[in-house]
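Residue numbers (the working numbering), protein chains in the order written: chain A, 48 to 255; chain B, 45 to 205. Even for Gly, the Cβ is constructed at its ideal location relative to N, Cα and C. What follows is a short report on a single structure.
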Amino acid sequence: MADIEGGTPPMVVVRRILWVLVAVAAVFGVILAVGGGDGSKSAPAASAGAAIGGPFTLTAADGSTLTDRTLKGRPFAIFFGFTRCPDVCPTSLARMAQLREQLGPDGMKFDIVFVSVDPQHDRPADIGSYVALFKTPIIGATGTDAQLAQIQKEYGVYVRKVPIEGGDYTVDHTAAIYLMDKDGHFVTTIDYHENDKTALEKLKRIIA
Amino acid sequence: MKSSIRIMLAATALVAAPPLLAHGVAAGALAIGHPWSRETAPGQKAGGGFLTITNKGKTEDRLLSATSPAAADVQIHMMKVEDGVMRMRQVTGGLAIPAGGTLELKPGGYHIMFMGLKKPFKQGDMIPATLAFARQGKVAVRFKVQPIASTAPMEGGHGGH
Chain A
48 MADIEGGTPP MVVVRRILWV LVAVAAVFGV ILAVGGGDGS KSAPAASAGA AIGGPFTLTA
108 ADGSTLTDRT LKGRPFAIFF GFTRCPDVCP TSLARMAQLR EQLGPDGMKF DIVFVSVDPQ
168 HDRPADIGSY VALFKTPIIG ATGTDAQLAQ IQKEYGVYVR KVPIEGGDYT VDHTAAIYLM
228 DKDGHFVTTI DYHENDKTAL EKLKRIIA
Chain B
45 MKSSIRIMLA ATALVAAPPL LAHGVAAGAL AIGHPWSRET APGQKAGGGF LTITNKGKTE
105 DRLLSATSPA AADVQIHMMK VEDGVMRMRQ VTGGLAIPAG GTLELKPGGY HIMFMGLKKP
165 FKQGDMIPAT LAFARQGKVA VRFKVQPIAS TAPMEGGHGG H
């Protein structure tokens with residue numbers, strides 16, 4: 048049998064999430080019932096959405112500095128990955144290029160940003176030649192470990208290096224595309240399994 | 045010796061194959077359809093390969109490993125997106141091709157991972173590789189390099205029909 052570590056059946060994950068939600072609701076309910084004045088502080092789920100995004104500093108493919116302020120004024124779709132990623136990264140970026148095309152002239156009203164979380168292998172210039180393959184303007188960027196740690200934390204991006212045979216490693220990472228408005232505020236995400244119709248509706252929301 | 049005969053047989057099959065199996069390979073009970081890969085950029089050190097393997101025989105076979113002169117190392121990987129996170133794992137022990145069944149290596153699942161590319165894969169290139177099977181032994185195939193936006197082989201999905 049194929050030996051794949053770290054596999055948890057989706058239903059188990061869903062069930063676990065539901066139980067966590069039940070537990071959070073129960074705790075929250077108890078706090079309210081007891082009449083604690085700071086009940087709102089105890090509801091982590093309530094503020095999670097609003098917290099995504101924030102200031103960052105990275106290096107763009109052409110060597111220039113890319114910050115949250117550089118992107119200000121235009122909505123953007125941001126995706127985290129690495130160029131050695133053979134599947135989800137090209138699939139997601141190609142999809143963004145296709146969705147942009149489907150939007151017609153409106154498609155150029157937002158930026159697409161690809162952040163490599165593997166600066167050990169991806170130099171800024173490498174990321175530039177990678178994103179150029181998608182035949183639509185994509186801002187490629189990466190940063191130092193500290194700079195990446197900051198943006199990953201702000202966006203709630205999961206990144207984990209996993210060793211593979213031959214001393215090399217692959218990178219587990221969040222597959223969602225984050226959609227941000229022109230002020231850099233989080234709007235929603237496009238998920239890997241989502242259909243084009245829903246994804247287009249979401250993109251229309253950030254360029255409206 | 046044996047494997048070179050197999051390669052010759054495979055090459056013969058390649059020439060004799062109908063247009064829809066333009067670069068498919070028949071080897072014993074196995075029919076290998078449309079091996080393809082995505083173009084890579086200079087500096088991009090790895091690329092994925094996809095194909096389907098149909099076992100027309102009555103005994104299970106296993107895809108054990110692959111090698112290619114185009115890459116320093118070739119592995120078999122499994123990718124899945126779960127709970128919003130993309131996880132990729134090396135497959136050890138090979139992948140079964142059940143008797144009468146088809147093993148699909150395609151985006152969103154299993155793939156061949158070419159690592160340490162000697163040079164970038166360019167559109168139209170045919171990347172040579174050798175697949176090793178538990179029963180069938182070694183089979184030579186060529187992965188056709190397609191645009192990076194591809195999600196399926198461009199020759200259509202008729203392989204194995």
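In the structure shown, residue 216 (chain A) adopts extended strand secondary structure according to DSSP, grouped into three states.
Residue 147 (chain A) counts as buried, since no fewer than 16 other beta carbons sit within 10 angstroms of its beta carbon. Apart from the 5 residues on each side of it in sequence, residue 103 (chain B) sits with its Cβ closer than 8 Å to the Cβ of 73, 143, 179 in its chain, given in chain order.
Cβ contact annotation for residue 188 (chain A) (same chain, cutoff 8 Å, sequence separation greater than five): 105, 106, 107, 108, 113, 160, 161, 162, 163, 171, 174, in chain order.
For residue 131 (chain B), the closest C-alpha among the options A:200, A:253, A:239 is that of A:239. Listed along chain A, no residue sits closer than 8 Å to residue 162 (chain B) by beta-carbon distance, the nearest being about 15 Å off. Taking 8 Å as the cut-off, the Cβ atoms of residue 202 (chain A) and residue 225 (chain A) count as close.
The beta strand (DSSP E) runs lying completely inside the segment 173-199 of chain B and spanning 3 residues or more are 181-190, given in chain order. In this structure, residue 91 (chain B) places its C-beta atom within 8 Å of the C-beta atom of residue 133 (chain A). Comparing alpha carbon positions, the residue from B:96, B:75, B:70 closest to residue 154 (chain B) is B:96. The Cβ-Cβ distance between residue 158 (chain B) and residue 109 (chain B) does not fall below 8 Å. For residue 195 (chain B), the chain A residues whose C-beta falls within less than 8 Å of its own C-beta are 138, 141, listed in chain order. Look at residue 99 (chain A) here: in three-state DSSP terms it is coil, with no helix or strand label.
Residue state for residue 125 (chain A) is assigned as strand, using DSSP reduced to three classes.
Those residues of the segment 198-217 of chain A placed with their C-beta closer than 8 Å to a C-beta in chain B are 205, 209, 211, 212, 213, 215, 217, ordered along the chain.
For the segment 69-91 of chain B, the set of residues with a beta-carbon nearer than 7 Å to any beta-carbon of chain A comprises 82, 83, 85, 86, 87, 88, 89, 90, 91, in chain order.
Close CB contacts of residue 99 (chain B) within its chain, under the 7 Å cut and outside five residues either way in sequence, are with 73, 74, 105, 141, 142, 143, 144, 145 (chain order). Nearest CB-CB separation between residue 131 (chain B) and chain A: below the 8 Å threshold.
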